[in-house]
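Chains as they are written, first to last, in our numbering: chain A, 96 to 423; chain B, 275 to 563.
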């Protein structure tokens, strides 16, 4: 046990150092762009995983919060000149407020019908932003005014700066997940995920726990939305509320290992790397290739490894640790 | 005013017949196998492409190509149940939801790769024909589609209520364990349920082809409608799904008529959210029949 903890700490320290120096070594803006995507989608996956992974509330509507975060900070920035750093928090709060009625609706249903309800709420929000043009630019969307290098407005000349922001977000998401995993709330979540009725029978206040974790999950997802809009300098309902965001959030967690701390990160690294390789081989000319491959990976994981890659890795790692002292 | 209203109701009922074929499939699978098939819309899409290619290559009328699309999709359904869904049946929701969801993503994106995102249409001799009764306008293609859809729904009802296999399916949907004890082979029943449900989706695709375009995302339009209808009509209830689908068609059509041409989807979402808020167990509140 002692040895395992030491090894875990060493691994983590090594990973942190590599991640911190990575943009100093790799100068290619193409590569940095991929790293940022990996960090961002890992973060979204981590946010999804809190609710979808631990409590098994399988949402396919997290784009709702991504979009709300993106729109809140953009509206605050363009109409009121407020920094996206503040907008990011405001977006998170808006997302939390939205998650209350949405959760009230969706949590009435369980299993697949919960999933359908979350899809519908995200799509409904996208329609609202499409139809009500006075609210936020309608279908055309808008570009974010480019202020050059303005760190206070979350705009940077160097791509590496965005990398560190995304890394910070991911670290925040993982820290929150770690804290929750080790707390009473983590155990309640897992209990709800295993069997909600049984959890309630032993005194877990399932509706309250689900509501609370939905608040946290939506707040974090909204932060990702703000960051993404600042990074691509553009917002429209189709990007901000894209169903693909909801899909990818769930996909990276399931492929990596649902309900595990590092699962979403592992899943994102695998899926984004695959997608990059595919694009460089095929030139990205054929539509649908990326999601075809994603769905095949997802099916393979579900059929053969429902615990995801983390399940595989943990087994291998523990087998290694168990063997090691025998040799020493 | 009354004429506009009547016209909107007729348009809604006609398209509601197609929604019914899709919803009945979803509710049948849910009732018997206890899973939600997220890919149901993609099988409508496959049915449409089958009819499109038969019409394009061999000049076969889309309605006639029903005799190809339904057995093909029946076979696909049996294979999917036997090789995929059977492996994830169990107390755990996650694999079930994401297996059919992955299947939906896969089929949709394969269609995008193979057929591109272009809209494909088939023009038949009756595509532009219509009956004029009083001031009302009834397109022939939609009327045929509605008639065949209702006939197929009726045939399914007869099948479920008079044949041994149909009774076995109803028994399995009411209580799987007891049905198994009575000597019903669950996997065989599940295979038939999947096959019949997908055949209905394929039929819906063929029936749509004379007046609707085929494109990779077309299934999404129908599957969402079907999910709403299935919740409204009480999960697993075939007649409930049929009635709810017709109601959905009418509601959508009234929305288009009186709110605006692009508001059909908003009406559907509004109905879904209202259903979830006030009638999460469906209007009937009954059990699988």
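Idealized CB from N, CA, C, for every residue including glycine.
Owing to the predicted nature of the structure, the values given are computational and were not obtained by experimental measurement.
List the endpoints of the continuous beta strand (DSSP E) containing residue i.
i	result
residue 564 (chain B)	With chain B running from 275 to 563 in the structure shown, residue 564 (chain B) is simply not present.
residue 219 (chain B)	There is simply no residue 219 (chain B) to check, as chain B begins at 275 and stops at 563 in what is shown.
Measuring straight from C-alpha to C-alpha, what distance separates residue i and residue j?
i	j	result
residue 107 (chain A)	residue 441 (chain B)	59 Å
residue 332 (chain B)	residue 314 (chain B)	27 Å
residue 281 (chain B)	residue 182 (chain A)	49 Å
residue 506 (chain B)	residue 551 (chain B)	11 Å
residue 303 (chain B)	residue 206 (chain A)	15 Å
residue 301 (chain B)	residue 471 (chain B)	9 Å
residue 303 (chain A)	residue 280 (chain A)	11 Å
residue 248 (chain A)	residue 179 (chain A)	6 Å
residue 123 (chain A)	residue 250 (chain A)	19 Å
residue 275 (chain A)	residue 301 (chain A)	16 Å
residue 567 (chain B)	residue 446 (chain B)	The requested residue 567 (chain B) does not occur in the structure, where chain B is confined to residues 275 to 563.
residue 134 (chain A)	residue 359 (chain A)	10 Å
residue 376 (chain A)	residue 389 (chain B)	21 Å
residue 138 (chain A)	residue 352 (chain B)	39 Å
residue 336 (chain A)	residue 454 (chain B)	45 Å
residue 523 (chain B)	residue 370 (chain B)	29 Å
residue 145 (chain A)	residue 272 (chain A)	7 Å
residue 268 (chain A)	residue 434 (chain B)	51 Å
residue 423 (chain A)	residue 463 (chain B)	Residue confidence for residue 423 (chain A) is low, a pLDDT of 45 falling below 50, so the modelled location carries little weight; the figure read from the coordinates is stated next. Rounded to the nearest angstrom, the two C-alpha atoms are 58 Å apart.
residue 284 (chain B)	residue 263 (chain A)	57 Å
residue 257 (chain A)	residue 219 (chain A)	31 Å
residue 460 (chain B)	residue 296 (chain A)	32 Å
residue 376 (chain B)	residue 391 (chain A)	7 Å
residue 164 (chain A)	residue 102 (chain A)	38 Å
residue 490 (chain B)	residue 246 (chain A)	43 Å
residue 404 (chain A)	residue 351 (chain A)	5 Å
residue 399 (chain B)	residue 419 (chain B)	15 Å
Within the continuous alpha helix (DSSP H) that includes residue i, where are the two ends?
i	result
residue 405 (chain B)	No alpha helix (DSSP H) holds residue 405 (chain B); the beta strand (DSSP E) holding it covers 404-407.
residue 139 (chain A)	124-144
residue 356 (chain B)	340-357
residue 490 (chain B)	First-last for residue 490 (chain B): undefined, no H or E at that position.
residue 495 (chain A)	Since the displayed chain A opens at 96 and closes at 423, residue 495 (chain A) lies outside it and no answer follows.
residue 549 (chain B)	538-552
residue 183 (chain A)	179-201
residue 512 (chain B)	512-532
residue 148 (chain A)	Where residue 148 (chain A) is concerned, there is no enclosing alpha helix (DSSP H), given that its DSSP letter is neither H nor E.
Around the Cβ of residue i, are there at least 16 other Cβ atoms within 10 angstroms (buried) or fewer (exposed)?
i	result
residue 353 (chain A)	buried
residue 343 (chain B)	buried
residue 367 (chain B)	buried
residue 331 (chain A)	buried
residue 413 (chain A)	exposed
residue 452 (chain B)	exposed
residue 110 (chain A)	exposed
residue 374 (chain A)	exposed
residue 561 (chain B)	Summary for residue 561 (chain B): the model assigns pLDDT 40, below 50, so the residue's position carries little reliability; its value from the coordinates is reported in the next sentence. The residue in question, residue 561 (chain B), is exposed, as its Cβ has fewer than 16 Cβ neighbours within 10 Å.
residue 437 (chain A)	Only positions 96 to 423 of chain A appear in this structure, which leaves residue 437 (chain A) out of reach.
residue 276 (chain B)	exposed
residue 234 (chain A)	exposed
residue 383 (chain B)	buried
residue 399 (chain A)	exposed
residue 100 (chain A)	exposed
residue 277 (chain A)	exposed
residue 252 (chain A)	exposed
residue 314 (chain A)	buried
So that I know if they touch, is there some Cβ in chain D lying closer than 8 Å to that of residue i?
i	result
residue 384 (chain A)	No chain D is part of this structure, whose protein chains are labelled A and B.
Within this structure, are the beta carbons of residue i and residue j separated by less than 8 Å?
i	j	result
residue 387 (chain A)	residue 380 (chain B)	yes
residue 308 (chain A)	residue 284 (chain A)	yes
residue 426 (chain B)	residue 328 (chain B)	no
residue 307 (chain B)	residue 468 (chain B)	yes
residue 297 (chain B)	residue 504 (chain B)	yes
residue 264 (chain B)	residue 553 (chain B)	Limits of chain B in this structure are 275 at one end and 563 at the other, which puts residue 264 (chain B) out of reach.
residue 512 (chain B)	residue 431 (chain B)	yes
residue 483 (chain B)	residue 414 (chain B)	no
residue 493 (chain B)	residue 319 (chain B)	yes
residue 316 (chain A)	residue 160 (chain A)	yes
residue 323 (chain B)	residue 500 (chain B)	no
residue 397 (chain A)	residue 362 (chain B)	yes
residue 361 (chain A)	residue 265 (chain A)	no
residue 480 (chain B)	residue 340 (chain B)	yes
residue 193 (chain A)	residue 338 (chain A)	no
Quiz item: Does the segment 542-550 of chain B come close enough to the segment 213-226 of chain A that 3 or more CB-CB pairs lie under 8 Å?
Solution: yes
Quiz item: Are there three or more Cβ pairs, one per stretch, closer than 8 Å when the segment 237-244 of chain A is compared with the segment 342-349 of chain A?
Solution: no
Quiz item: Do the segment 285-302 of chain A and the segment 169-176 of chain A make contact, defined as three or more Cβ pairs closer than 8 Å?
Solution: no
Quiz item: Counting Cβ pairs, one atom from each stretch, are 3 or more of them under 8 Å apart for the segment 185-198 of chain A and the segment 361-369 of chain A?
Solution: no
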